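Written out below as structure tokens is the structure these notes cover.
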Amino acid sequence: MFSVIKTKKIWFSFSGLLFVLSVAAVAIWGFKYGIDFTGGSLIEFSATGTRHEATVVGNALEGVLGEKPHAQQLGSNSYILRMKFIDEAKHQEVLEAIKKIKDIGEIREERFETVGPTVSSELKSRAIWSMFAVLGAIIIYIAWAFREVSYPLAAWKFGVVAVAALLHDVFIPAGIFAVLGHFKGYEVDTLFVTAMLTIIGFSVHDTIVTFDRVREHLRQTPKAEFAGLVDKSVSETLGRSINTSLTVLLVLLAVYLFGGESIKQFNLVLIIGVIAGTYSSIFFACPLLVVWNNLARSGK
Amino acid sequence: MIGMKPRTTNSAIPRSKVRNGLIAVAVVALLAAGYGFPGVYNKASDAVNAKTGITLGHISVAPFRLGLDLRGGAHLMYDVDTSGVAESERASAVEGARDVIERRVNAFGVGEPIVQTTKVGEIWRVLVELPDVHDVREAIAQIGATPTLEFREQGASDGTVTPEQQKEIDGSSKQAKDLAVAALQDLKKGMSFDEFYKKNKGQDFGNVIQKDQADLFVWASKNRQGAVSDVIETAQGNFIVQRGAEKKEPIVTSRHILLCWKDAKNCESTLTKAEAEQKAKELLPKLNAQNFADLAKVNSMEPGANTSGGDLGEMRSAQLVKPFADALFGMKNGEIKGPIETEFGYHLIYKVSERQESSFALRGAMFAKKTAQDFLLGGQWRATGLSGKQLEKALVEFDQNVGEPTVALQFDAEGKELFSQITKRNIEKPVGIFLDGELISSPNVREAILDGRAIISGNFSIDTAKQLVERLNAGALPLPIKLVSQQTVGATLGVKSLEDSAKAGAIGFALVLIFLAAFYRLPGLLAGGALIVYCVIVLAIFKFIPVTMTLAGIAGFILSIGMAVDANVLVFERTREELATGKTPAAALEEAFPRAWNSIRDSNMSSLITCAILFWFGSSVVQGFALTLAIGILVSLFTAYTVTRLMLRFLAPYIANKPALFVQSK
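In structure tokens:
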């Protein structure tokens, strides 16, 4: 039988490597924050005339804005412009300036978002607080759900291991987004944080199912060797873990491929997180339980 | 148990109960489907009616509530400045501002606008959602506009402006400056002055002298012909000008004495022309530099001469009638001459002094600003204290005689009192009605008006009268507001997003059904059936609450489809394990459901906790996502567990010996 526990060194090295790379990516490049965290404005417009290079559009607006907006092409003849926070009067001036670009044709503003500095700092602090709130609530919940388990591992240790697993699941998409942000301009915004929190929920969901089996076996055969028991639990829940993740991934993929531009990045975070979450509950959380148990016993 | 049917399986559950349960589920699902998708039912009902004549009726078509990102519209966030209000009264003052904004917003006539107040920390906010709005710019202007209606009476102004007016003056001054600075950029980039002149609707300021435009004159005197200025700020506005030629012109200070005859222009005297000339000649020898002013006061027939002493001040020749100018400019300083005949009469002239004055031809662009003069109207109108604040209501009425729309005003108690006083002291005099500082009507008061009713007739069209009435009724904002965040989505983008997500949802749903059937065979198919029930119920709930469907919300729902299957997967995996121990399919199922329950409950609980926190902390987008995901998880617990179990129990007798329906044969 395949044993995760016996091969744990491979999984720990793999997870450790990914974790270190992710932390390094975040440390080196940081995130590219969206306007809801930095404050600023975004204009999306489509045009009927000649298709221009994004830089042409950006340069044309330098006079009005006093700085070059970050311009991007989108789809067939649409553009996204990101700039500092502008008020309504300036917004109209920018639109006028866009209309004056040579051969741009008729333009239609599809989307305009602007976030003032007070609002953005508020959104940022809310995002940070909700992260902490979710983490805290989950530890408490797991400790409560596993309260009857006390031997060989205390209930709170299950909670801590589950949280270690979910940190792993959060850091990996974060690292990938630091890379994507640096090379492709992907942004970290409110939706990104939402996706992260959803991953946390999902990751714990997955870990609990596996732990639940461990709990059940502990109840039935309390004297059994812990490592073997965990191994057995993992292989019993393996099918379920993979199949559940597959169904979730199927719908996420469908939304990613067909669901339109605006929530593509949100979906990508979820996809990465679900894969990481499934991986970690099988190959990371369970071996970690065993390692902790061994340490606790050798310490006695 | 009474009435229990003979058991055909080892299940302890009576068949009738299973059947009733299934029927109940089917009824709930059908009701939900009818509510969620009335179009389908109504079509079916029509078809039955056409074929059989039985009338089944229609279900009313309640639409899903769509978020702005899916239907197009604007989301505006305003900070309310409460610094001027005592802390205890802030909440009600903000509510007042909200009410005013709501009334203004309702006047646009867009579908279901939402205006809410929130408080974040110490900051009060008003959130405005305008679905389907076409002209966001106009909407923002209308929300922020403060109509000022004022009643003024004739008389000299006291020369001061109100603090609001001062604020407006300062604002327009800054705006004029910004415009000028922006326009200057064109010149700096090499635009020719002619082009600049055309673009900025330039004007020829003529020959500018120091007295009239000191700032422009000073600049011109320091620069050569053809030079172009930077922005020059003066009391009237900001100028960018080009200097033309310098002109030097004599300018003369003088006094005169007028003796007119009865037919001369503006003359009130009864003298004949000869008598006037005679009088002038008699007076001339008596005049000298010292007594000229005094004798002018006594003898001159010019209106006002008794105080001015005939002083004309500094004059250029162009400012004077020709015979007078010719004489005066030909004289030496200190000379007294006359009589000179003009259309006004005979003049005796004393030339006090002459000097040369420079002027510069200037042309260019002016970026005007408002000045106190604009509000004080040259001292013609005086504030009365009666304004839109004392207005109870305004309505559109039609003038009985000419059928023209007018605006009728009804004042409150304070306004009634003020208005009766104003009309009492201004009988047979005009009262000026000013809107946003502009005179729109100045009717004459015929008699004192005591009932607090006034009619404004100011060449209104029905539309402008209506708009004015709406703005007046909405009243002034009690607190200043500032737009701090705005999200606008065009309708076409919204429709595309909606179509995309519907398509993605359908594809995802189909993929899950295929996956379930392929992996779990018969139970998988049944779980697929339960999933359809799930979708129908969830959508009906979304409509019922109603949950505002946003892109993130739909993503939450689609994600919940994937997660809804999880409970099924947990049970089926359990069933496979139980089958592996040699149990019959029915027995294995009965064992699997309760044993899987702990995992299902605990694992979904963690997602629900996350949803609760997201809902608590999140912005509206995030809340939509959290709410749909949470509703999805709760319903999935019911459908995946209860509904699937009912179906499997119902089928149990027929599949008792067919484990191949459950697992792949090994």
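Protein sequence lines correspond, in order, to chains Y and P. The numbering of the first sequence is this note's numbering, which starts it at 1 and goes up by one. The numbering of the second sequence is this note's numbering, which starts it at 1001 and goes up by one. Positions of the beta carbon are idealized from the N, C-alpha and C atoms, including for glycine. This one's a predicted model, so the numbers in the text were calculated from it and none came from an experiment.
Note the first and the last residue of the continuous alpha helix (DSSP H) segment covering residue i.
| i | result |
| --- | --- |
| residue 1317 of chain P | That residue, residue 1317 of chain P, is in no alpha helix (DSSP H); it is neither H nor E in DSSP. |
| residue 1342 of chain P | Where residue 1342 of chain P is concerned, there is no enclosing alpha helix (DSSP H), although the beta strand (DSSP E) it sits in stretches over 1336 to 1342. |
| residue 1288 of chain P | Element bounds for residue 1288 of chain P: n/a, residue is neither H nor E. |
| residue 229 of chain Y | 226 to 258 |
| residue 1153 of chain P | First-last for residue 1153 of chain P: 1149 to 1154, but that is the beta strand (DSSP E), not the alpha helix (DSSP H). |
| residue 131 of chain Y | 117 to 145 |
| residue 1623 of chain P | 1620 to 1636 |
| residue 272 of chain Y | 264 to 280 |
Can you give me the Cβ contacts of residue i inside the same chain, cut-off strictly under 6 Å, excluding the 5 residues immediately before and after it?
| i | result |
| --- | --- |
| residue 111 of chain Y | 44 |
| residue 1117 of chain P | 1094, 1098 and 1126 |
| residue 1589 of chain P | 1575 and 1648 |
For residue i, name the three-state secondary structure that DSSP assigns.
| i | result |
| --- | --- |
| residue 103 of chain Y | coil |
| residue 220 of chain Y | helix |
| residue 63 of chain Y | helix |
| residue 1443 of chain P | coil |
| residue 1449 of chain P | coil |
| residue 1069 of chain P | helix |
| residue 154 of chain Y | coil |
| residue 1227 of chain P | coil |
| residue 1207 of chain P | strand |
| residue 91 of chain Y | helix |
| residue 1434 of chain P | strand |
| residue 1395 of chain P | strand |
| residue 80 of chain Y | strand |
| residue 196 of chain Y | helix |
| residue 71 of chain Y | strand |
| residue 1378 of chain P | Because the pLDDT at residue 1378 of chain P is just 46, under 50, the model does not fix this residue reliably, and the value given afterwards should be weighed accordingly. Helix, per DSSP. |
Below 7 Å CB to CB, which residues in the same chain sit around residue i once its five sequence neighbours on both sides are set aside?
| i | result |
| --- | --- |
| residue 1297 of chain P | 1305, 1306 and 1309 |
| residue 268 of chain Y | 256 |
| residue 1181 of chain P | 1231 |
| residue 1378 of chain P | Legend: pLDDT at residue 1378 of chain P = 46, less than 50; position of this residue unreliable, value from coordinates given subsequently. Nothing listed; no residue qualifies. |
Answer yes or no: do residue i and residue j have a C-beta to C-beta separation smaller than 7 Å?
| i | j | result |
| --- | --- | --- |
| residue 1394 of chain P | residue 1472 of chain P | yes |
| residue 25 of chain Y | residue 178 of chain Y | yes |
| residue 1209 of chain P | residue 1359 of chain P | yes |
| residue 1410 of chain P | residue 1453 of chain P | yes |
| residue 214 of chain Y | residue 1603 of chain P | no |
| residue 1635 of chain P | residue 1537 of chain P | yes |
| residue 15 of chain Y | residue 211 of chain Y | no |
| residue 1614 of chain P | residue 1626 of chain P | yes |
| residue 85 of chain Y | residue 40 of chain Y | yes |
| residue 262 of chain Y | residue 1551 of chain P | yes |
| residue 1242 of chain P | residue 1073 of chain P | no |
| residue 301 of chain Y | residue 134 of chain Y | As displayed, chain Y neither begins before 1 nor continues past 300, which places residue 301 of chain Y out of reach and without an answer. |
| residue 1237 of chain P | residue 1366 of chain P | yes |
What residue range does the beta strand (DSSP E) around residue i cover?
| i | result |
| --- | --- |
| residue 1365 of chain P | 1345 to 1368 |
| residue 1124 of chain P | 1123 to 1131 |
| residue 1250 of chain P | 1237 to 1259 |
| residue 1411 of chain P | 1405 to 1411 |
| residue 1669 of chain P | No information on residue 1669 of chain P is available, as it lies outside the stretch 1001 to 1666 that chain P covers here. |
| residue 40 of chain Y | 40 to 47 |
| residue 1083 of chain P | From DSSP, residue 1083 of chain P is part of no beta strand (DSSP E); its letter is neither H nor E. |
| residue 1386 of chain P | 1381 to 1387 |
Within 10 angstroms of its Cβ, does residue i collect 16 or more other Cβ (buried), or is it exposed?
| i | result |
| --- | --- |
| residue 1506 of chain P | exposed |
| residue 1206 of chain P | exposed |
| residue 1402 of chain P | exposed |
| residue 1654 of chain P | exposed |
| residue 1124 of chain P | buried |
| residue 36 of chain Y | buried |
| residue 1558 of chain P | buried |
| residue 1136 of chain P | buried |
| residue 66 of chain Y | exposed |
| residue 1500 of chain P | buried |
Excluding sequence positions up to five away, which residues of its chain have a Cβ less than 8 Å from the Cβ of residue i?
| i | result |
| --- | --- |
| residue 29 of chain Y | 178, 179, 181 and 182 |
| residue 1187 of chain P | 1193, 1196, 1228 and 1240 |
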